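Here the structure comes first, spelled out in structure tokens, and everything after it is commentary.
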Amino acid sequence: MPIVELHVLQGYGPEEKRRLCEALTDAVRLVVPAAPEAITVMIHEMPPENYARGRRSRAGAPALADPAEIVRDYLRAMEARRTDVAQGFLGDGFTMHFPGAPPMSRLQELIDWARPRYRFVKKSYEGFDAMQSSGSAALVYCRGSLSGEWPDGTAFDGIRFIDRFEIEAGKITRQDVWNDIAEVKSTA
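Going by the working numbering, the sequence shown opens with residue 21, and the numbers climb by one from there.
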């Protein structure tokens with residue numbers, strides 16, 4: 021039964037502590053073959069006045085936003101066609117890569133590229149997976165199925181997709197998309 025103890029400065033709320041416990045449990049499971057309920061995580065909080073680095077007391081850094089929630093909010097805005105809101109989730113140098121398309125950096129490019137391909141698309145999600153890359157970006161994968169209408173008004177559904185997002189400093193900097201739209205459309 022693995023036991024993980026974490027020491028942090030006071031100031032993180034219950035939600036941040038829940039996220040820490042889940043992330044540490046998942047990190048242990050990448051190496052140790054233990055069920056989640058067999059892994060214990062204990063968080064020890066320390067008052068800032070009881071901690072010093074470089075001869076100075078320090079305060080804890082604010083918690084990072086949950087990268088999966090950033091992606092969910094962005095995708096909700098896109099589905100609602102609130103591109104002004106969706107744009108606010110994108111960082112400098114943002115690029116998106118869709119099957120059969122050149123890299124795009126503006127949401128209007130995506131809208132223009134998609135217009136002759138389908139009237140609209142909705143996503144049903146099977147799950148979101150968030151992790152930290154070895155670099156500075158957090159990674160979020162979401163997967164599920166697409167439904168919508170082809171340009172002639174014919175409905176489609178059940179098309180598999182997976183999206184990969186990179187998040188840095190709370191902003192989406194890259195989106196990669198894989199789906200079976202071309203395969204399904206060629207048989208429709």
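For each residue, glycine too, the CB sits at the ideal point set by N, CA and C. What you are looking at is a predicted structure, and each value in this text was computed from that prediction instead of being measured.
Residue of D172, M21, I187 and M98 minimising C-alpha distance to Q158:
According to the sequence displayed, residue 158 carries Ala and not Gln. Checked all of D172, M21, I187 and M98; the closest Cα to A158 is I187.
Restricting to Cα atoms, I'd like to know which of T115, V204, Y94 and H27 is closest to D196.
T115
Using the beta-carbon count (16 or more within 10 Å), is I23 buried or exposed?
By the neighbour-count definition (other C-beta atoms within 10 Å, threshold 16), I23 is an exposed residue.
Between the beta-carbon of A53 and the beta-carbon of Q30, is there less than 8 Å?
For the record, residue 53 in the displayed sequence is Pro; it is not Ala. No, the pair does not count as a contact, with Cβ atoms beyond the cut-off.
Where do the N-terminal and C-terminal ends of the alpha helix (DSSP H) with V204 fall, by residue?
It spans I201 to T207 - the alpha helix (DSSP H) in which V204 sits, taken as one unbroken run.
Return the CA-CA distance between T60 and F148, expressed in angstroms with no decimal places.
Straight-line spacing of the CA atoms in T60 and F148 works out to 24 Å.
Candidates S125, C41 and K37, of which the one nearest A83 by Cα:
K37
Which one of G120, I182, R184 and H27 has the shortest CA to CA distance from Y71?
H27
Quick check on the DSSP output: the alpha helix (DSSP H) that includes T45 runs from which residue to which?
P34 to R49
Please report the Cβ distance between Y94 and I192, rounded to the nearest whole angstrom; I am assuming they are in contact, meaning their Cβ atoms lie under 8 Å.
6 Å
Candidates G74, R102, E89 and V141: closest to T174 by CA position:
Ranking G74, R102, E89 and V141 by Cα distance to T174 puts V141 first.
With 16 other CB atoms within 10 Å as the buried threshold, where does P87 fall?
By the neighbour-count criterion, in which 16 or more other beta carbons inside 10 Å mark a residue as buried, P87 falls on the buried side.
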